[in-house]
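Protein chains in written order, with this note's numbering: chain A, 71 to 315; chain E, 178 to 233; chain U, 97 to 300; chain Y, 2 to 228.
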Amino acid sequence: MAINWFKYSAPSTFYALAGKLIPWFAISAAMMFAVGLYIGFFVAPVDYQQGEFYRIIFIHVPASILSMFLYLVMAGYAALGLIFNTRLSAMMATAIAPTGALFAFISLWTGALWGKPMWGAWWVWDARLTSELILLFLYLGYMALHSSIDDPRRADRASALLAIVGSVNVPIIYFSVKWWNTLHQGSTIKFSGTTMHVAMQQAMFIMLAACWLYAIAVVLARVRSVILERERQTKWVAELPEVRG
Amino acid sequence: MNGLDIWMRENPLTYVWLGSYAFALLIFAVEIVLVRHKRNLTLEQIRLLREAGEED
Amino acid sequence: MLEVSNLACSRGDQRLFSGLSFVLHPGQIMQVQGENGSGKTTLLRTLCGFVSADEGYVAWNGAQVASLGDAFHAQILYLGHLNAIKDDLSALENLKISAAFSGITLQDATVKSALRRLGLKGRELLPCKVLSQGQRRRVALARLLVSDARLWILDEPLAALDVRAVALIQELIAEHLSSGGMAIFTTHQPLQIDSMTVRTLALS
Amino acid sequence: MKELTLFGMLKLVVQRDMTLAMRRRADVLTTLIFFVMVVSLFPLGVGPEMEMLRKIAPGVLWVAALLASMLSLGRLFSADHQDGTLEQLMLTPQPLAVVVLGKIIAHWMVSGLPLVLIAPVLGIQFDMRMETLGILILGLLLGTPVLSMIGGIGAALTLGLRGGGVLLSLLVLPLCIPILIFGTAAVDAVASGLSPVSHLSLLGALLVLALTFAPWVAAQALRISME
Numbered sequence: 071m072a073i074n075w076f077k078y079s080a081p082s083t084f085y086a087l088a089g090k091l092i093p094w095f096a097i098s099a100a101m102m103f104a105v106g107l108y109i110g111f112f113v114a115p116v117d118y119q120q121g122e123f124y125r126i127i128f129i130h131v132p133a134s135i136l137s138m139f140l141y142l143v144m145a146g147y148a149a150l151g152l153i154f155n156t157r158l159s160a161m162m163a164t165a166i167a168p169t170g171a172l173f174a175f176i177s178l179w180t181g182a183l184w185g186k187p188m189w190g191a192w193w194v195w196d197a198r199l200t201s202e203l204i205l206l207f208l209y210l211g212y213m214a215l216h217s218s219i220d221d222p223r224r225a226d227r228a229s230a231l232l233a234i235v236g237s238v239n240v241p242i243i244y245f246s247v248k249w250w251n252t253l254h255q256g257s258t259i260k261f262s263g264t265t266m267h268v269a270m271q272q273a274m275f276i277m278l279a280a281c282w283l284y285a286i287a288v289v290l291a292r293v294r295s296v297i298l299e300r301e302r303q304t305k306w307v308a309e310l311p312e313v314r315g
Numbered sequence: 178m179n180g181l182d183i184w185m186r187e188n189p190l191t192y193v194w195l196g197s198y199a200f201a202l203l204i205f206a207v208e209i210v211l212v213r214h215k216r217n218l219t220l221e222q223i224r225l226l227r228e229a230g231e232e233d
Numbered sequence: 097m098l099e100v101s102n103l104a105c106s107r108g109d110q111r112l113f114s115g116l117s118f119v120l121h122p123g124q125i126m127q128v129q130g131e132n133g134s135g136k137t138t139l140l141r142t143l144c145g146f147v148s149a150d151e152g153y154v155a156w157n158g159a160q161v162a163s164l165g166d167a168f169h170a171q172i173l174y175l176g177h178l179n180a181i182k183d184d185l186s187a188l189e190n191l192k193i194s195a196a197f198s199g200i201t202l203q204d205a206t207v208k209s210a211l212r213r214l215g216l217k218g219r220e221l222l223p224c225k226v227l228s229q230g231q232r233r234r235v236a237l238a239r240l241l242v243s244d245a246r247l248w249i250l251d252e253p254l255a256a257l258d259v260r261a262v263a264l265i266q267e268l269i270a271e272h273l274s275s276g277g278m279a280i281f282t283t284h285q286p287l288q289i290d291s292m293t294v295r296t297l298a299l300s
Numbered sequence: 002m003k004e005l006t007l008f009g010m011l012k013l014v015v016q017r018d019m020t021l022a023m024r025r026r027a028d029v030l031t032t033l034i035f036f037v038m039v040v041s042l043f044p045l046g047v048g049p050e051m052e053m054l055r056k057i058a059p060g061v062l063w064v065a066a067l068l069a070s071m072l073s074l075g076r077l078f079s080a081d082h083q084d085g086t087l088e089q090l091m092l093t094p095q096p097l098a099v100v101v102l103g104k105i106i107a108h109w110m111v112s113g114l115p116l117v118l119i120a121p122v123l124g125i126q127f128d129m130r131m132e133t134l135g136i137l138i139l140g141l142l143l144g145t146p147v148l149s150m151i152g153g154i155g156a157a158l159t160l161g162l163r164g165g166g167v168l169l170s171l172l173v174l175p176l177c178i179p180i181l182i183f184g185t186a187a188v189d190a191v192a193s194g195l196s197p198v199s200h201l202s203l204l205g206a207l208l209v210l211a212l213t214f215a216p217w218v219a220a221q222a223l224r225i226s227m228e
C-alpha cells in the first residue's frame, strides 16, 4: 500500500492529522504513566543495595534517553528541512527543542536527587550527568539562536545548521567527558545487580513508552501552534472553525 | 548528617515521590499549560489579524 | 546573455514579486523601478545568488546560475548600497585587493589612472576613512574601470555623487555597453546613456 | 592572468586580513590583555599557594584562552558585513569555504597565536614546570585553531544579530568542551608522569576534522545569514 507521504507533509493536512492524533497519544501516555508508576512502586522489589532510592531510575533513565533521542530527532528534522527545503520539518524541529530541553532538565534534577543519598552530594561530576548538562546547553543554544532571529526562514535554516553541528559533536563530547571522568576517577552511576528484576525492567520500559507518547503529544500540540503562526496569511487557516470562532 | 539527610533516610519513598516524580509531573503540567496558552495566543492573534484585514 | 524566468521572491511571509521574466542581451541595459520595499534590492541580490528564489530561475548564457556556481561570479560585478571599501586601507589598496579577488592583478599605475579618472588624484594613498562620502563612493565605482565582468549589477550607483561624477558614470556605462557588456541597475535619479535605450522593469 | 588558484585565493584572504589587523593593532592587543588579566585574576581569587596554582594552571590557561577567543570571534565576519566587503568576498570565483578558511587562519594568527606565545610567561607565574609548560604550549598550538574554526561557524550563524556576542558564546562554548578536556588532560598526564601522546593526537585528530568540515559549514552558515 502506497501512502502519499507528501500529502501529509503539507502543513494544512498535517495540522488536521495532528489534531486527531493528539488525544490518542495523550490518553495512552496518561495510562502508561499510571501503569508504569504502579509497577515501579508496588510491584518492583526493593533493591538490596540502594533501598527505595533506586526507584528514581524509572523517571531518570527514560528522561535521559528521551532527551538524547529527541536531540537526534530534532537534528534529523532540521537536516531534512535544510536539504529538501520542507517547511514542516523545520517547524517540527523547533517544536521538539523545548520538550527535549525539559527532559534534559528532568534528567539532571532526578540525577541530582539520586546522587544525594548514594554519594552524599547533590552533584557529582559523573560522565553521564556532565554530558546531560552539556546536552541541555546545546538545547538552550539552539532555542536562543532560533528566537533571536526575526526572519523565520533564516531562523529555521541557521538553527538547523547548529543542530546538525551539535549532533555531530554529541558523540565527541560524550567520549571526551567519559575519558575525562575515568582520568579523574570520578564516580559513575551503576546499577547494583547485574540482572534487573523483571518487574523493574517492565516498569522502566512502560515509563519510557509513556514519556515517548507524552513527548509526541506535546510536540504535535506545539507544532500545531507553530503551523498556525507561520501560515496565518493562508486561506485554509482563515477557514478553520477555531479561527472563525 | 544534617536534618535533611536524616529525614531522607527515614522517608525514602516520600523523598523519591516528592523530589522526582511529583517534580517531573509538575514540569509536564507546566509544559502542557504553556503549550495550550501558546495555542490560545496564536488563535487570538490570527483572529485580530483577520478582523483588521476585514475592516480595510 | 542573462535570462530571468518566472522569478518569485519573498521577504518574511510577504511576497515581493512573482512571475518576473526578462532577457538581457549583450549591449543592453535595464533599469529596475519601483517604490521603496518593492524588492529592487532583493531582485539584484537574487541575481547575484545571495538570495535564493522561491520560484523560477536565473540563467547565464543558457545555463542556470545555480549549476554554474562560483564560475558565474567571474562574470558579474556587483555594487551594493554599501561601498565595500575598507576604511583602514587606502583607495589604492582597496582597489587592488578587490580586483585581486576577481582574479585580476593590477599594477599601481593602472589603479592610479583609474582613480585619477574618478577625480581622486592625490588621494590614492590616504586611508579611506579620511575621504568624504562622495569620494568613498567614487573609490567603489573605480572598480567599474578595472573589472572585466560582463554583467554589471549596480544598486543605486549614483547616490552621493555630484553632477560631474554622474556624467562620468554614464560615460563608463556607455563604454561598457558598446563593448558588449550588460548592466542592470536601480536609481532614483534619471540616467542618460548616449545612443542607448534604457529598458525599464517596474516592480509594484 | 584571470587564473586564481585555490591556494592563491587563500593567501590573498590571509594577507588582506593580516594587513587589516595590523592597521588595527589595538584590537589584537585587547584580546591579549584580556587573556593575561583573566589568568592573573585566578591567584587573587583562590589564594597564592603554589601547590594549588600549579594544579589549576592548565585549566585556568585553557579556560582563559577559550574566553579570549570568544571575545575576538565577534569581529571575524561582522566588520566585513558592516561595510559590504563580505558580499564581495562571496562573489569571488572561488568556493566561499576557501575565503572562510583564509579568514579563520588570519583570525587565529592575530588572536590565537599571540595567546599561545604569551602562555609560557603566564605558566611561569603559576610555577609550572618546564616539561608541563611545553606540553601546554603544544596543546594550545593544536587546540586554539580548532576553537577558531568552531567559533567561525558560530560567528557566521550569529552574524548581524542583536546580542550576537553573548549568543555566540552560548552556541560555541559547549562545542569547545572536548578541546578543553584533551588540552588540560595532556598537561595532567605529563604532570603525573604519563605520556601525553594520546591526548595530543586526539587534539590533532580534532584539528584535522575541523579543518575538513568547519570552513564548509561556516560558508553555508554565512550564506544563510546573508540572505
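Every residue gets a Cβ at the ideal spot worked out from N, C-alpha and C, and that includes glycine.
Sheet register partners of residue i (DSSP bridge)
i, result
"Asp301 of chain U", "Outside the shown range of chain U (97 to 300) lies residue 301 of chain U, about which nothing can therefore be said."
"Val154 of chain U", "U:Val100"
"Tyr174 of chain U", "U:Ile249"
"Val128 of chain U", "U:Thr282 and U:Leu297"
"Arg107 of chain U", "U:Gln110"
"Ala167 of chain U", "Per DSSP, none; premise fails for Ala167 of chain U."
"Ser217 of chain A", "None, per the DSSP bridge assignment."
"Gly121 of chain A", "A:Asp117"
Cβ-based burial, residue i [other Cβ within 10 Å; buried from 16]
i, result
"Gln203 of chain U", "exposed"
"Met71 of chain A", "Low local confidence applies: a pLDDT of 41 at Met71 of chain A is under 50, so the model's placement there is unreliable, and no value is given."
"Asn284 of chain E", "Residue numbering for chain E in the displayed model covers 178 to 233; residue 284 of chain E lies beyond these limits and cannot be assessed."
"Lys104 of chain Y", "buried"
"Leu183 of chain A", "buried"
"Leu228 of chain E", "For clarity, residue 228 of chain E is Glu in the given sequence; the question names Leu instead. Exposed, because fewer than 16 other Cβ atoms sit within 10 Å of the Cβ of Glu228 of chain E."
"Arg219 of chain U", "buried"
"Trp156 of chain U", "buried"
"Arg186 of chain E", "exposed"
"Trp189 of chain A", "exposed"
"Glu299 of chain A", "buried"
"Ser300 of chain U", "exposed"
"Thr258 of chain A", "Low local confidence applies: a pLDDT of 49 at Thr258 of chain A is under 50, so the model's placement there is unreliable, with the coordinate-based value given in what follows. Classification of Thr258 of chain A: exposed, given that the 10 Å Cβ count is below 16."
The alpha helix (DSSP H) enclosing residue i, as first and last residue numbers
i, result
"Thr31 of chain Y", "Arg26 to Val47"
"Val289 of chain A", "Val268 to Arg300"
"Tyr108 of chain A", "Pro81 to Tyr108"
"Met129 of chain Y", "From DSSP, Met129 of chain Y is part of no alpha helix (DSSP H); its letter is neither H nor E."
"Phe78 of chain Y", "Arg76 to Gln83"
"Ser159 of chain A", "Arg157 to Trp189"
"Ile200 of chain U", "Here Ile200 of chain U belongs to no alpha helix (DSSP H), and DSSP marks it neither H nor E."
"Ile1 of chain Y", "The structure shown has nothing for residue 1 of chain Y, since chain Y only spans 2 to 228."
Terminal residues of the beta strand (DSSP E) in which residue i lies
i, result
"Arg219 of chain U", "Premise fails: Arg219 of chain U is in no beta strand (DSSP E) and is neither H nor E."
"Arg295 of chain U", "Val294 to Ala298"
"Met227 of chain Y", "Element bounds for Met227 of chain Y: not the beta strand (DSSP E) but the alpha helix (DSSP H), Val198 to Met227."
"Arg111 of chain U", "Gln110 to Leu120"
For this session: Pull out every residue of the segment 109–135 of chain A whose Cβ sits closer than 8 angstroms to any Cβ of chain E, in chain order.
Result: So the list reads Phe111, Gly121, Glu122, Phe123, Arg125, Ile126, Ile129, His130 and Ala133, given in the order they occur along the chain.
Exercise. Touch check for the segment 107–121 of chain Y and the segment 141–150 of chain Y: three-plus C-beta pairs under 8 angstroms?
Worked result: Between the segment 107–121 of chain Y and the segment 141–150 of chain Y, the count of Cβ pairs shorter than 8 angstroms is three or higher; the stretches touch.
For this session: Below 8 angstroms between beta carbons is the criterion; list the residues of the segment 303–315 of chain A that meet it against any residue of chain E, in chain order.
Result: Cβ contacts with chain E come from Val307, Ala308, Glu312, Val313 and Gly315.
Problem set entry | the segment 183–202 of chain U: positions lying closer than 8 angstroms to chain Y by Cβ | Listed in sequence order: Asp183, Asp184, Leu185, Glu189, Ile193, Ser194, Ala196, Phe197, Ser198, Gly199, Ile200 and Thr201.
For this session: Indicate whether the contact test is met: 3 or more Cβ pairs, each with one atom in the segment 242–251 of chain A and one in the segment 187–198 of chain Y, closer than 8 angstroms.
Result: With the cut-off at 8 angstroms, the segment 242–251 of chain A and the segment 187–198 of chain Y do not touch.
Exercise. Is there contact here, the segment 132–139 of chain A with the segment 217–233 of chain A, by at least three beta-carbon pairs under 8 angstroms?
Worked result: Taking a cut-off of 8 angstroms on C-beta distances, the segment 132–139 of chain A does not touch the segment 217–233 of chain A, as fewer than three cross pairs fall below it.
Exercise. Does the count of Cβ pairs from the segment 107–116 of chain U and the segment 274–287 of chain U closer than 8 angstroms reach three?
Worked result: Pairwise C-beta distances place the segment 107–116 of chain U out of contact with the segment 274–287 of chain U, as fewer than three of them are shorter than 8 angstroms.
Exercise. Okay, do the segment 176–188 of chain U and the segment 73–86 of chain Y touch, 3+ Cβ pairs below 8 angstroms being the bar?
Worked result: A contact exists between the segment 176–188 of chain U and the segment 73–86 of chain Y.
Exercise. For the segment 221–242 of chain A, which residues have a beta carbon sitting closer than 9 angstroms to at least one beta carbon of chain U?
Worked result: Within the segment 221–242 of chain A, those residues whose Cβ lies closer than 9 angstroms to any Cβ of chain U are, in chain order, Asp221, Pro222 and Arg223.
Problem set entry | Stretch pair the segment 185–200 of chain E + the segment 275–283 of chain A: three plus CB contacts closer than 8 angstroms | The segment 185–200 of chain E vs the segment 275–283 of chain A: no contact.
Exercise. Taking any Cβ of chain A, which residues in the segment 179–191 of chain E have a Cβ under 7 angstroms from it, in chain order?
Worked result: Contact annotation: in the segment 179–191 of chain E, residues whose CB is within less than 7 angstroms of a CB in chain A are Met185, Pro189 and Leu190.
Exercise. Just by C-beta distance, which residues in the segment 86–103 of chain Y are closer than 9 angstroms to chain U?
Worked result: Of all residues in the segment 86–103 of chain Y, those with a C-beta nearer than 9 angstroms to a C-beta of chain U are Thr86, Leu87, Glu88, Gln89, Leu90, Met91, Leu92, Thr93, Pro94, Gln95, Pro96, Leu97 and Val100, reading in chain order.
Exercise. So does the segment 286–304 of chain A actually touch the segment 90–97 of chain A, counting three or more Cβ pairs closer than 8 angstroms?
Worked result: Segments in contact, yes.
Problem set entry | Short-range partners of chain A found in the segment 216–227 of chain E, where Cβ spacing is below 7 angstroms | Interface annotation for the segment 216–227 of chain E against chain A: Arg216, Thr219, Leu220, Ile223, Arg224, Leu226 and Arg227, criterion Cβ-Cβ distance under 7 angstroms.
For this session: Indicate whether the contact test is met: 3 or more Cβ pairs, each with one atom in the segment 61–79 of chain Y and one in the segment 158–165 of chain Y, closer than 8 angstroms.
Result: Touching, per the Cβ criterion.
Exercise. With a cut-off of 8 angstroms, do at least 3 Cβ pairs link the segment 161–175 of chain A to the segment 202–213 of chain E?
Worked result: Verdict: yes, contact present.
Exercise. Mind listing which residues of the segment 197–228 of chain Y have their C-beta closer than 7 angstroms to chain A's C-betas, in chain order?
Worked result: Cβ contacts with chain A: Val218, Gln221, Ala222, Ile225, Ser226 and Glu228.
Problem set entry | Contact residues within the segment 157–179 of chain A, judged by C-beta distance below 8 angstroms to chain E | Using a CB distance below 8 angstroms, the part of the segment 157–179 of chain A facing chain E consists of Pro168, Thr169, Leu172, Phe175, Ile176 and Trp179, ordered along the chain.
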